[in-house]
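Start counting the sequence shown at 1; every next residue gets the next number (UniProt numbering). Scroll down for the structure; my scribbles are underneath it.
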Amino acid sequence: MSEIKVGPMRVLVTGGSGLVGKAIEHVVQQEGGKLDGEEWIFLSSKEADLVDIGQTRAVFEKYHPTHVIHLAAKVGGIYQHMKENLQFLRDNIKINDNVLDTAHKMGVTKVVSCLSSCIFPDKTSYPIDETMIHNGPPHDSNFGYSYAKRMIDVQNRAYFQQYGHRYTAVIPTNVFGPYDNFNIEKGHVLSALINKTYKAKNDGTPLNVCGSGAPRRQFIYSLFDTSLSDGQMKKTASNAKLRHYLPDFTFTPLEEDILLPAICYCNHISSSQQEMASALHFIVLLCGLWIGANVTSAHQSGCTCSCGWTKLGSRCFKFFSTPKEWADAERFCTGLDGNLASVLTKEEGKLISKMVKTTAWVGGFDETKDGVWLWNDGRKFDFKMWAKGEPNNLGGEGCMEFRKTGDANDLKCNNLKDFVCAKTA
Numbered sequence: 001m002s003e004i005k006v007g008p009m010r011v012l013v014t015g016g017s018g019l020v021g022k023a024i025e026h027v028v029q030q031e032g033g034k035l036d037g038e039e040w041i042f043l044s045s046k047e048a049d050l051v052d053i054g055q056t057r058a059v060f061e062k063y064h065p066t067h068v069i070h071l072a073a074k075v076g077g078i079y080q081h082m083k084e085n086l087q088f089l090r091d092n093i094k095i096n097d098n099v100l101d102t103a104h105k106m107g108v109t110k111v112v113s114c115l116s117s118c119i120f121p122d123k124t125s126y127p128i129d130e131t132m133i134h135n136g137p138p139h140d141s142n143f144g145y146s147y148a149k150r151m152i153d154v155q156n157r158a159y160f161q162q163y164g165h166r167y168t169a170v171i172p173t174n175v176f177g178p179y180d181n182f183n184i185e186k187g188h189v190l191s192a193l194i195n196k197t198y199k200a201k202n203d204g205t206p207l208n209v210c211g212s213g214a215p216r217r218q219f220i221y222s223l224f225d226t227s228l229s230d231g232q233m234k235k236t237a238s239n240a241k242l243r244h245y246l247p248d249f250t251f252t253p254l255e256e257d258i259l260l261p262a263i264c265y266c267n268h269i270s271s272s273q274q275e276m277a278s279a280l281h282f283i284v285l286l287c288g289l290w291i292g293a294n295v296t297s298a299h300q301s302g303c304t305c306s307c308g309w310t311k312l313g314s315r316c317f318k319f320f321s322t323p324k325e326w327a328d329a330e331r332f333c334t335g336l337d338g339n340l341a342s343v344l345t346k347e348e349g350k351l352i353s354k355m356v357k358t359t360a361w362v363g364g365f366d367e368t369k370d371g372v373w374l375w376n377d378g379r380k381f382d383f384k385m386w387a388k389g390e391p392n393n394l395g396g397e398g399c400m401e402f403r404k405t406g407d408a409n410d411l412k413c414n415n416l417k418d419f420v421c422a423k424t425a
C-alpha cells in the first residue's frame with residue numbers, strides 16, 4: 001500500500017462535471033471556498049471511467065489526492081431506472097468500491113460521498129433522518145441505484161471497523177440548478193418537466209404528466225444563494241442537525257424560484273425570444289397547477305427578470321459575491337442596465353438582507369455634499385433603515401453598505417465589498 005506524503009491538501013472531486021460537482025467548483029473558484037495551499041481537481045468521466053479499476057487507480061496515481069469528494073455515479077431518470085435497474089446496481093457498486101478501495105490503498109485522509117434521498121425506504125414516516133436508511137426496501141422503480149448507494153453507508157462502516165478510516169457521506173434532497181440534465185428520459189423531476197413542457201408548447205402537442213400527486217418532494221438549489229429556493233414545499237427530511245449547527249438559518253420560498261431553471265433552459269434552447277416567452281408561459285402554468293399558485297401573478301413576478309435575478313415589485317435584484325470598490329461595483333451594475341440597488345421599502349431591505357452573506361454595497365452615497373445622502377439611480381432618498389448611530393461619517397465614510405441584520409452603515413468607498421444590483425423589470 002502506497003502512502004501520500006505530508007504536503008498541500010489536494011481534493012479530488014469525482015463527478016466534477018455534473019450538477020453538484022459544478023456547484024462545488026463554482027464555490028471553490030468564484031466564492032472564496034478554496035483555502036490557501038489547497039489544490040482542487042474536478043474529475044469528469046472523459047478523463048477516467050471509474051467503473052474500471054485500472055482507470056480508477058491510474059487517475060489516483062496521477063493526482064495523489066489527500067481528500068476525495070465522491071460524486072460520480074451512473075444516474076438517470078425514472079424511465080431509464082425502470083429499464084436498467086440491474087445495470088445501475090452493477091455499475092454503481094463497481095464505481096463506489098473502486099473509489100473507496102483505491103482511496104484506502106493510496107492513503108487518502110478523508111472521503112465524503114454523496115448519496116441520494118431515494119435510498120430511504122419506500123414505506124416510511126416523516127421527517128426522515130439517516131438512522132432510517134436501512135429500515136425497509138427502497139421504491140421498486142430505482143431499487144438498483146438505491147441499493148448501490150446504500151452500500152456506501154455499509155462500506156464506510158466497514159472501513160472504520162477494520163482500518164479506522166472516517167469515511168462519511170451526505171444525503172441531499174432533490175438537487176436542481178445549473179448544469180442539470182434536461183433529458184426527458186435521463187433527467188430528474190424538475191429538469192425533465194421543464195424539457196417536456198417546453199417541447200409540448202413548441203410542438204403544439206398536449207402535455208401529459210402522469211402521477212397521483214401524493215409523493216413528497218423536497219428540493220434544494222445546487223448553489224447556496226439566499227435569493228433562490230431551499231425547497232421547503234413539503235418537509236420530508238429532518239432539519240435537526242441543520243438547526244443545531246445553523247440555528248438562525250432562514251428558508252426561502254419555492255413558488256417563484258422554481259421558475260429560474262426553466263428560464264435558464266429556455267434561454268439556452270430557444271431560437272427566438274417569442275418562442276421563449278410562449279414556452280415560459282406554459283411552464284408557469286404547469287408550476288401554478290403543481291404548487292397551487294396563481295398563474296397570472298406567477299407569470300408577472302417570475303418571468304420578467306433575467307435568469308438569476310429576483311423580482312420584487314417592479315424591480316429585479318441580484319447579489320454578486322465578487323468584491324469591488326463602490327464605484328467599480330456601480331459601473332458593473334450599469335453594464336447590466338441597472339445600478340447598485342437603492343433600498344426604497346422595508347420589503348426590499350428584507351430581500352437584500354437575505355441575499356447578502358454579511359454586508360454588501362448598495363446605491364446610497366454622500367460624496368457630492370457631506371451629510372446629504374442620495375441614491376445613485378436618482379430616486380428620492382427617504383431611507384429609515386440606518387443602524388443605530390449611523391451614518392457617522394467616521395474618517396470620510398461616504399458610501400452605503402447594507403447588512404444581513406437588515407440595516408445600513410456608511411463606509412469608505414474604496415473598501416472591497418460584495419454588492420447588490422437592481423434594475424427595472
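We treat Cβ as the ideally placed atom computed from N, Cα and C, and that holds for glycine. All values reported here derive from a predicted model rather than from experimental measurement.
Query, Result
"Under a three-way DSSP split, which group does ILE171 fall into?", "coil"
"Count the other CB atoms, across all protein chains shown, that sit within 10 Å of the CB of HIS188; report buried if there are 16 or more and exposed otherwise.", "buried"
"I believe ILE220 touches THR173 by the beta-carbon criterion, under 8 Å. Please report the beta-carbon distance rounded to the nearest angstrom.", "5 Å"
"According to DSSP, simplified to helix, strand and coil, what is ARG90?", "helix"
"Along the alpha helix (DSSP H) that carries ASP153, what are the first and last residues, could you check?", "143-163"
"Ignore the nearest five residues each way along the sequence and tell me which others in GLU38's own chain have a CB closer than 6 Å to its CB.", "MET9"
"Go through its chain and collect everything with a Cβ distance to GLY136's Cβ below 8 Å, but skip five positions before and after it.", "PRO121, ASP122, LYS123, THR124"
"CB-CB under 6 Å to MET385, same chain, minus the five flanking residues each way: which ones, in chain order?", "GLY349, ASP407, ALA408"
"For a quick check, are the C-beta atoms of PRO323 and LYS388 less than 8 Å apart?", "no"
"I'd like the list of long-range same chain contacts for TRP326, defined as Cβ closer than 6 Å, with 5 residues on each side in sequence excluded.", "TRP361, CYS399, CYS413"
"DSSP on VAL372, reduced to helix/strand/coil?", "coil"
"Under the rule that 16 or more other beta-carbon atoms within 10 Å means buried, what is ASN393, buried or exposed?", "exposed"
"Out of curiosity, what's the CA-to-CA distance linking LEU207 and PHE419?", "41 Å"
"Name, in chain order, the residues that DSSP records as bridge partners for GLY406.", "Partner(s): none; GLY406 has no beta bridge."
"What do you get for LYS234, buried or exposed, if any count of 16 or more other CB atoms within 10 angstroms of its CB means buried?", "Residue placement at LYS234 is flagged as unreliable, the pLDDT there being 40, under the threshold of 50; the coordinate-derived value follows with that caveat. Classification of LYS234: exposed, given that the 10 Å Cβ count is below 16."
"Beta-carbon separation of ILE171 and GLU130 under 8 Å?", "yes"
"Using a threshold of 8 Å, state whether the C-beta atoms of PHE381 and VAL343 are closer than that.", "no"
"Count the C-beta pairs between the stretch 101-112 and the stretch 80-89 that are closer than 8 Å, then say yes if the count reaches three, no if not.", "no"
"So which of SER141, PHE182, GLY204 has the shortest CA-CA distance to ILE194?", "PHE182"
"Decide yes or no for the touch test of the stretch 25-37 against the stretch 58-73: beta carbon pairs closer than 8 Å, at least 3 of them.", "no"
"At 4 residues or longer, what runs of the alpha helix (DSSP H) sit wholly inside the stretch 26-91?", "53-63, 78-83"
"For ARG14, does the count of other Cβ atoms within 10 angstroms reach 16, so buried, or fall short, so exposed?", "Residue identity check: residue 14 is Thr in the sequence provided, not Arg. When all chains shown are included, THR14 counts as buried."
"Have a look at ARG150 and SER117 and give me their C-alpha separation to the nearest angstrom.", "10 Å"
"Going by other Cβ atoms of all chains shown within 10 Å of its Cβ, with 16 needed for buried, is TYR245 buried or exposed?", "exposed"
"Going by C-alpha to C-alpha distance, which of SER141, GLY164, VAL372 sits closest to TYR79?", "SER141"
"Which term fits ARG315, buried or exposed, when burial requires 16 or more other beta carbons within 10 angstroms of its beta carbon?", "buried"
"Using 10 angstroms around the beta-carbon of LYS22, count the other beta-carbons present and answer buried if the total reaches 16, otherwise exposed.", "buried"
"Does the ligand COA have even one heavy atom less than 7 Å from the beta-carbon of ASN85?", "With respect to small molecules bound, the structure shown includes none, and the ligand COA cannot be examined in it."
"According to DSSP, is THR131 helix, strand or coil?", "helix"
"If you draw a straight line from the C-alpha of GLN162 to the C-alpha of GLY335, how long is it?", "58 Å"
"Closer than 6 Å by C-beta to ASN96: which residues in its own chain qualify, once you throw out the five before and the five after it? Chain order, please.", "ILE152"
"I'd like the span of the alpha helix (DSSP H) that includes ASP418, first residue to last.", "No alpha helix (DSSP H) holds ASP418; the beta strand (DSSP E) holding it covers 417-424."
"I believe ILE41 touches LEU12 by the beta-carbon criterion, under 8 Å. Please report the beta-carbon distance rounded to the nearest angstrom.", "5 Å"
"Check the DSSP bridge columns for THR310 and list the partner residues they point to.", "PHE317"
"Over the uninterrupted alpha helix (DSSP H) stretch that includes CYS333, give me the two end residues.", "326-334"
"Taking just the CA atoms, how far does HIS26 sit from ALA341?", "24 Å"
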